[in-house]
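Visitor: Got a structure for you, questions after.
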């Protein structure tokens with residue numbers, strides 16, 4: 001028992017010494033800031049981060065400034081350093097124990113910010129340091145989905161190279177390929193297809209990326225999706241096909257392309273075929289195309 005007691009006493013002395021040393025560091029850091037005419041305040045701390053003043057920021061950290069607080073724009077110190085693209089400050093905060101996936105009160109993580117803002121070098125730095133590549137934003141988006149929403153192929157490529165899930169979906173079931181199809185982003189879609197994005201993934205309503213591209217009238221994207229193997233005869237939850245959508249929207253070149261890729265011309269939903277949709281909207285040229293392909 002005596003040995004245990006003695007050892008416990010030694011541990012207590014060592015622990016107290018560490019605490020006193022740490023407290024001394026904090027006081028010394030605050031004194032150093034004051035000597036430079038810098039008050040120990042959160043406001044001045046964030047100014048130092050924005051100015052990239054590594055020495056001052058380091059003193060603030062040593063002095064015990066909170067690293068989980070936020071500035072008036074709701075950014076944490078780490079997030080502000082990321083947005084400033086200051087790798088030295090990012091390293092400082094990470095070494096001080098801040099999580100690389102630290103979220104602010106609005107649910108933004110550093111990788112969300114770099115993906116949304118197109119900060120390529122910071123995106124790579126965060127991924128290299130182990131950031132969660134598929135961390136979910138409150139709106140349900142992953143960093144890849146955020147970058148796709150910005151039509152930012154470079155950042156998309158960086159995230160995909162880092163192992164981001166190409167099949168991740170928003171709460172409504174939309175994948176990155178759905179978004180690229182909606183925005184007519186040919187380059188982004190090519191990246192996603194090359195990364196083996198599910199071609200016929202269905203979002204709410206049963207819409208595939210091909211259907212989205214058809215409805216938006218993006219001919220080149222329709223061509224790329226069909227070439228990659230997207231199903232020309234898939235139906236949405238109501239049984240409507242991409243050809244019916246093209247006929248309804250009077251997208252003549254797209255309808256011709258679908259027919260060339262073996263789209264069934266006489267599939268019916270509630271008795272209505274693609275021809276019915278064309279005639280119902282008065283699209284005579286479309287009706288002629290469909291009839292020439294065997295519509296009845």
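In my numbering, the protein residues as written are 1 to 296.
Here a beta-carbon is modelled for each residue, glycine too, at the ideal position from N, C-alpha and C.
Nothing here was measured: the structure is a model prediction, and the numbers come from that model.
Can you have a look at residue 79 and say buried or exposed, based on whether 16 or more other CB atoms are within 10 angstroms of its CB?
Guide: In the chain shown, the residue the question calls residue 79 occupies position 79. Classification for residue 79: buried.
Visitor: Identify every residue that forms a DSSP beta bridge with residue 235.
Guide: As a position in the chain shown, residue 235 is number 235, starting the count at 1. Paired residues: 241.
Visitor: Mind checking whether residue 134 and residue 104 have CB atoms under 9 Å apart?
Guide: To locate residue 134, count along the chain shown from 1; it is residue 134. To locate residue 104, count along the chain shown from 1; it is residue 104. No; because the gap between Cβ atoms is not below 9 Å, this pair is not in contact.
Visitor: Cα-Cα, which of 198, 239, 191 and 261 is closest to residue 222?
Guide: Mapped onto the chain shown, residue 222 falls at position 222. Of the candidates 198, 239, 191 and 261, the one whose C-alpha sits nearest the C-alpha of residue 222 is 261.
Visitor: DSSP has residue 133 in a bridge; who is on the other side?
Guide: Position 133 of the chain shown, counted from the first residue, corresponds to residue 133. According to DSSP, which records beta bridges pairwise, residue 133 is partnered with nothing at all.
Visitor: When burial is assigned at 16 or more other CB atoms within 10 Å of the CB, is residue 86 buried or exposed?
Guide: Locating residue 86 in the chain shown gives position 86, counting from the first residue. So residue 86 ends up on the buried side.
Visitor: Identify whether residue 124 lies in helix, strand or coil by the three-state DSSP scheme.
Guide: Translated into positions along the chain shown, residue 124 becomes position 124. DSSP places residue 124 in helix when its eight states are reduced to three.
Visitor: Look at the Cβ atom of residue 218, then the Cβ atom of residue 184, and state whether they are nearer than 9 Å.
Guide: Sequence index remark: in the chain shown, residue 218 carries index 218 (1-based). Sequence index remark: in the chain shown, residue 184 carries index 184 (1-based). Yes, the pair counts as a contact, with Cβ atoms nearer than the cut-off.
Visitor: When you compare the CB positions of residue 255 and residue 274, do they come within less than 9 Å of one another, or not?
Guide: For the purposes of this step, residue 255 is taken as residue 255 along the chain shown, with counting starting at 1. For the purposes of this step, residue 274 is taken as residue 274 along the chain shown, with counting starting at 1. In contact: residue 255 and residue 274 (Cβ atoms closer than 9 Å).
Visitor: So, at 7 Å on beta carbons, what are the nonlocal neighbours of residue 147 in its own chain, with the 5 sequence-adjacent residues on each side left out?
Guide: Looking up residue 147 in the chain shown gives position 147. Cβ within range, chain order: 115, 155, 156 and 159.
Visitor: Report all residues from its chain with a CB closer than 7 Å to the CB of residue 88; omit the five preceding and five following residues, and keep chain order.
Guide: Mapped onto the chain shown, residue 88 falls at position 88. Correct list, in chain order: 54.
Visitor: Can you list, in chain order, the residues of its chain whose CB lies under 6 Å from that of residue 9, leaving out five sequence neighbours each side?
Guide: Locating residue 9 in the chain shown gives position 9, where the first residue counts as 1. Reliability of the predicted coordinates at residue 9 is poor, the pLDDT of 40 falling under 50, and no value is obtained from them.
Visitor: Expressed to the nearest angstrom, what Euclidean distance is found between the alpha-carbon atoms of residue 283 and residue 112?
Guide: Taking the chain shown and counting its residues from 1, one reaches residue 283 at position 283. Taking the chain shown and counting its residues from 1, one reaches residue 112 at position 112. Their Cα atoms are separated by approximately 45 Å.
Visitor: Could I get the ranges of all uninterrupted alpha helix (DSSP H) runs contained in the segment 29–115, with 4 residues as the minimum, in chain order?
Guide: Runs found: 42–51, 54–62, 77–83 and 87–95.
Visitor: Residues bridged to residue 169 by DSSP?
Guide: Mapped onto the chain shown, residue 169 falls at position 169. Residue 169 pairs with 175.
Visitor: In chain order, what residues of the same chain have a beta carbon less than 7 Å from the beta carbon of residue 289, not counting five sequence neighbours either side?
Guide: Within the chain shown, residue 289 is the residue found at index 289, counting from 1. Within the same chain, residue 289 has close Cβ partners 252, 255 and 256.
Visitor: Which one or two residues does DSSP pair with residue 250 in a beta bridge?
Guide: Within the chain shown, numbered from 1, the residue matching residue 250 stands at position 250. Residue 250 pairs with nothing; no bridge assigned.
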